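J.:
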Ligand SMILES: [Fe+2]
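In the numbering used here, the protein residues as written are 1401 to 1741.
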């Protein structure tokens, strides 16, 4: 491929010599007699220019001014400066401004050709490195996109599975229809009001859907009983958090929900079950689901009682603030009116 060199010098004799020498070497050469010509050449031919030869001392734009402009607008085009012997300091300044090299005039053919070959080879390597870097960056972006899609699909599948499980739980008890999904809505809104990280919100969301999974093993005659439970029956109901934990023990993807499943009936005064945990022994995720669970249970009809109106349920929640529920969560729940969802 013929390489294109633009030689800029106000001296017609030097332009002619450069043209002859470089054409002989097989280069395509365009000559410019000043900065304005070079600027318009750059505007029209920028994609074809492989190298610029630039005289330092010219009327109008100086070589250094032009060099600074080129390095700003076309940093990938290498520039070799041409300077008179007495201009060595200026030559060094040009190097600092980004010139690839500088040559003193009069330029010998051999020196010129060697310098141009070296600078073109270095520019080509640099270009290849830039292209390689951009290739890998694009590949990385592509992989990140694919990973994101895969995670999204996995996430959707996980939630579809969780929803299926929660529906199975609700099938056992006609009165709890929609309970898990309402607990999910309330608990997630509390988590978001607390600005919890996305990963915690996801755990709260999944845990809300699965919290009562242990009820699968409780006889329907007890779950649907429309009168008060005997002590024995209540004891059986109280086994559902541990039963739930046993059910999900060997399912890897459900492990993050284990604390919510086991501990959603704990109370901050230590009078809950199954472990009698107190205060901060109960993780925040669990306390959030407990509050949402209790509020939805109060405002839904059950086999043994009808639903409480929202205002009364809110009063009930306030009444148990500091004993059953975390008072900070109760305050947030009421201040942000999260019960109106
Ligand atoms: Fe429960």
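C-beta: ideal position from N, C-alpha, C; glycine also.
Remember, predicted model here, so these are calculated numbers, not experimental data.
What does the Cβ neighbour count give for residue 1408, buried or exposed, with the cut at 16 atoms within 10 Å?
T.: Classified as buried, residue 1408 has 16 or more neighbouring CB atoms from the shown chains inside 10 Å of its CB.
J.: Name the residue from 1438, 1501 and 1490 whose alpha carbon lies nearest to the alpha carbon of residue 1470.
T.: 1438
J.: For residue 1669, does the three-state DSSP call read helix, strand or coil?
T.: strand
J.: When every heavy atom of ligand 1 is checked, does at least one fall within less than 7 angstroms of the C-beta of residue 1598?
T.: no
J.: Assuming residue 1500 and residue 1513 make a contact with CB atoms under 8 angstroms, what is their CB distance in whole Å?
T.: Wrong, their Cβ atoms sit about 15 angstroms apart, outside the cutoff.
J.: Provide the residue span of the alpha helix (DSSP H) that contains residue 1494, from first to last.
T.: 1488–1496
J.: Beta-carbon within less than 8 angstroms of residue 1476's beta-carbon, same chain only, minus the 5 sequence neighbours each way: which residues are those?
T.: 1523, 1526, 1527 and 1530
J.: Taking the alpha-carbon positions, what's the residue 1719 to residue 1640 distance?
T.: 26 angstroms
J.: Just reading off the beta strand (DSSP E) that residue 1482 is part of, what are its end residues?
T.: 1479–1484
J.: Could you spell out the range, first to last residue, of the alpha helix (DSSP H) harbouring residue 1648?
T.: 1640–1648
J.: Please say whether residue 1695 and residue 1739 have beta carbons closer to each other than 8 angstroms?
T.: Taking C-beta atoms as the reference points, residue 1739 and residue 1695 count as a pair closer than 8 angstroms.
J.: From residue 1729 to residue 1702, what distance separates their C-alpha atoms?
T.: In a straight line, the C-alpha of residue 1729 is about 25 angstroms away from that of residue 1702.
J.: Evaluate residue 1478 with the Cβ neighbour count: other Cβ atoms within 10 Å of its Cβ, from every protein chain shown; 16 or more gives buried, anything less gives exposed.
T.: buried
J.: Could you spell out where the alpha helix (DSSP H) holding residue 1557 opens and where it closes?
T.: 1509–1572
J.: Measuring only from the beta carbon, is residue 1579 closer than 7 angstroms to any heavy atom that is part of ligand 1?
T.: For residue 1579, the CB stays at least 7 angstroms from every heavy atom of ligand 1.
J.: Taking just the CA atoms, how far does residue 1461 sit from residue 1454?
T.: 11 angstroms
J.: Which of helix, strand or coil does DSSP assign to residue 1664?
T.: coil
J.: Around ligand 1, what residues have a beta-carbon under 6 angstroms from a heavy atom of it, in chain order?
T.: Those satisfying the condition are, in chain order, 1611, 1612, 1640, 1664 and 1665.
J.: Look at the alpha carbon of residue 1678 and the alpha carbon of residue 1621, and state the distance between them as a whole number of angstroms.
T.: Cα-Cα distance, rounded: 32 angstroms.
J.: Between residue 1668 and residue 1604, how many whole angstroms is the CB-CB distance? I'm expecting something under 8 angstroms.
T.: About 18 angstroms; that fails the 8 angstroms criterion.
J.: Rounded to whole angstroms, what is the Cα-Cα separation between residue 1505 and residue 1532?
T.: 37 angstroms
J.: Let me make sure I understand the geometry here. Which of 1657, 1450, 1503 and 1490 has the alpha-carbon closest to that of residue 1465?
T.: When the alpha-carbon of residue 1465 is set against those of 1657, 1450, 1503 and 1490, the nearest one is in 1490.
J.: Under a three-way DSSP split, which group does residue 1461 fall into?
T.: coil
J.: Mapping the DSSP letters down to three states, classify residue 1443 as helix, strand or coil.
T.: helix
J.: Can you list, in chain order, the residues of its chain whose CB lies under 8 angstroms from that of residue 1366, leaving out five sequence neighbours each side?
T.: Residue 1366 falls outside the range modelled here, since the chain spans only 1401 to 1741, and no answer is possible.
J.: In three-state DSSP terms, what is residue 1427?
T.: coil
J.: Along the chain, where does the alpha helix (DSSP H) containing residue 1592 start, and where does it finish?
T.: Its alpha helix (DSSP H) spans residues 1579–1593.
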